[in-house]
Structures are given as C-alpha cells and as structure tokens.
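Quick notes on the structure that follows.
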Amino acid sequence: NAGVTQTPKFRILKIGQSMTLQCAQDMNHNYMYWYRQDPGMGLKLIYYSVGAGITDKGEVPNGYNVSRSTTEDFPLRLELAAPSQTSVYFCASSYSVPGLAGGPPEQYFGPGTRLTVT
Amino acid sequence: QKEVEQDPGPLSVPEGAIVSLNCTYSNSAFQYFMWYRQYSRKGPELLMYTYSSGNKEDGRFTAQVDKSSKYISLFIRDSQPSDSATYLCAVYGGATNKLIFGTGTLLAVQP
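Going line by line, the protein sequences match chains A and B. Each number in this note's numbering comes from the position in the first sequence (counting from 1) with 9 added on. Each number in this note's numbering comes from the position in the second sequence (counting from 1) with 1488 added on.
Now the structure itself:
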C-alpha cells in the first residue's frame, strides 16, 4: 500500500493565482482531512470529509475549498492565493470511529506539500 | 485558553538521557490522549495513545495521563539520536470527533 500520497511536494504561487493540492489514499478509509502546519502553531484543521460527497469545515476554512467525489481522493483548492496561505499542507485519512470504545481515530498522514505564496 | 498547550522547546539532551515531554489540556471531556512523532520534512505518525487516565508503555516510550490535573506526558528512556523529531500531543473525545493537536516540541538528542 502506498498509504496517503500528496502532490505536488513543493509549489510557489504568485498572489491571486489558483491551484489544487492533490491527496489520495489506498487504505479504503472513509474519513479524510486537510491540515496546515505553520511554525510554532501546530496542525490546524482546514476541512474534513466523512465519506464521498460529504465535507465539512474545520478550524481555518477561509480561502479554501474541497470536494470528495470518490473514497480515495480529497483535493484541496486555493482560489485566490494570499501570502497568509504560505504553509505546509498535510492530508490525512482514518477509519471512522463508531464510538469512544472503538478506539481513537489513528490518522495516517501524507508527506506534505510546501506552498509559498509571494 | 487553548484547548491543548505544549511547550515548543527546542529541547536538547545527550544520548542516553531520559526525556520528558508534556502537554496540558482544558476540556475534561477528552478521553483519548495521543502522541504523534514528526521527523523533519515528513508527516506526523502515531507513536502511542492512552485511554482515560494511567500509564502505557511501549519499549522505551511511556505515555502518562493525569486527568485530575489535565496533564499529559511522554517519557523516553535511553534516548537515541534517531529519536530527534518533533513530538505532538493530541486529544480526542467529547462533543467533537476531531483530533486537537498541541503545537509540538522539537527534540534533539545529541550523540
């Protein structure tokens, strides 16, 4: 299994440009997540999905959009890039948790995309 | 008040030292407490987790939770240079079904 894969690894965007960060997983996980990680700020949840066709906002969704047409893929779209979106973006996936007795949602992370907006 | 607080470090120790990494959390509804390890320029990976209070041991690593003081700890015995990484604590449970991460502590183990 490849696990969680992300493309591209690096990207430099100009202010106002658009791009899509790709994420795919081959573990048949129904939950998928997008995080951004800034120095000293930890991981912040942007969007998540509990299954194909279902997405919801996380803590910092402004400036981003997502879609989930298949179980495997969860792309993140930046429409009008701003310098504040310079960050490292991680995609993750997990099984759903039927209840607390089912154990915590172990999230499997991709290798990340380093994005710079100038 | 942040839901999870973690000292960002950096923490530098000599090889063989015992390392103590800590977090505090604010919501008593959290039930699962996790530690993720993140090597430089890689994604985080789950190291271990505990449910409710108590200790859990896995080789050189021990996770400890004190729910009365809302304190989470990770101890690393006989630390190795390969343990050099950022360690993130995370909590789960309560009304949300999302993980909440600490900011991470950067650990460097010097040979």
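The beta-carbon is built from N, C-alpha and C at its ideal position, and this holds for glycine as well.
Beta bridge counterpart(s) of residue i as assigned by DSSP
{"i": "GLU1493 of chain B", "result": "B:THR1512"}
{"i": "ILE1588 of chain B", "result": "B:VAL1579"}
{"i": "GLN46 of chain A", "result": "A:LEU52 and A:VAL97"}
{"i": "GLU1545 of chain B", "result": "B:THR1550"}
As assigned by DSSP and simplified to three states, the class of residue i
{"i": "PRO1569 of chain B", "result": "helix"}
{"i": "PRO92 of chain A", "result": "helix"}
{"i": "PRO70 of chain A", "result": "coil"}
{"i": "GLN26 of chain A", "result": "coil"}
{"i": "ASP82 of chain A", "result": "strand"}
{"i": "PHE118 of chain A", "result": "strand"}
{"i": "SER58 of chain A", "result": "strand"}
{"i": "ARG20 of chain A", "result": "strand"}
{"i": "ARG1529 of chain B", "result": "coil"}
Reference residue i, options the options, closest by Cα
{"i": "GLY25 of chain A", "options": "A:TYR117, A:ASN37, A:ALA101 and A:SER93", "result": "A:SER93"}
{"i": "SER1540 of chain B", "options": "B:ARG1529, B:ASN1515 and B:LEU1534", "result": "B:ASN1515"}
{"i": "ASN10 of chain A", "options": "A:THR16, A:ASN37 and A:SER27", "result": "A:ASN37"}
{"i": "GLY1547 of chain B", "options": "B:LYS1555, B:TYR1527 and B:ASP1571", "result": "B:ASP1571"}
{"i": "PHE1521 of chain B", "options": "B:THR1574, B:VAL1507 and B:LEU1587", "result": "B:LEU1587"}
{"i": "PHE83 of chain A", "options": "A:ASN71, A:LYS53, A:TRP43 and A:ALA90", "result": "A:TRP43"}
{"i": "SER105 of chain A", "options": "A:GLU68, A:VAL59, A:THR79 and A:THR122", "result": "A:VAL59"}
{"i": "GLN31 of chain A", "options": "A:TYR73, A:THR14 and A:ILE55", "result": "A:THR14"}
{"i": "GLN1568 of chain B", "options": "B:ILE1560, B:PRO1599 and B:THR1591", "result": "B:PRO1599"}
Assigned exposure category for residue i - 16 Cβ within 10 Å defines buried
{"i": "LYS18 of chain A", "result": "exposed"}
Anticipated Cβ contact below 8 Å, residue i with residue j, distance rounded
{"i": "LEU1499 of chain B", "j": "THR1593 of chain B", "result": "6 Å"}
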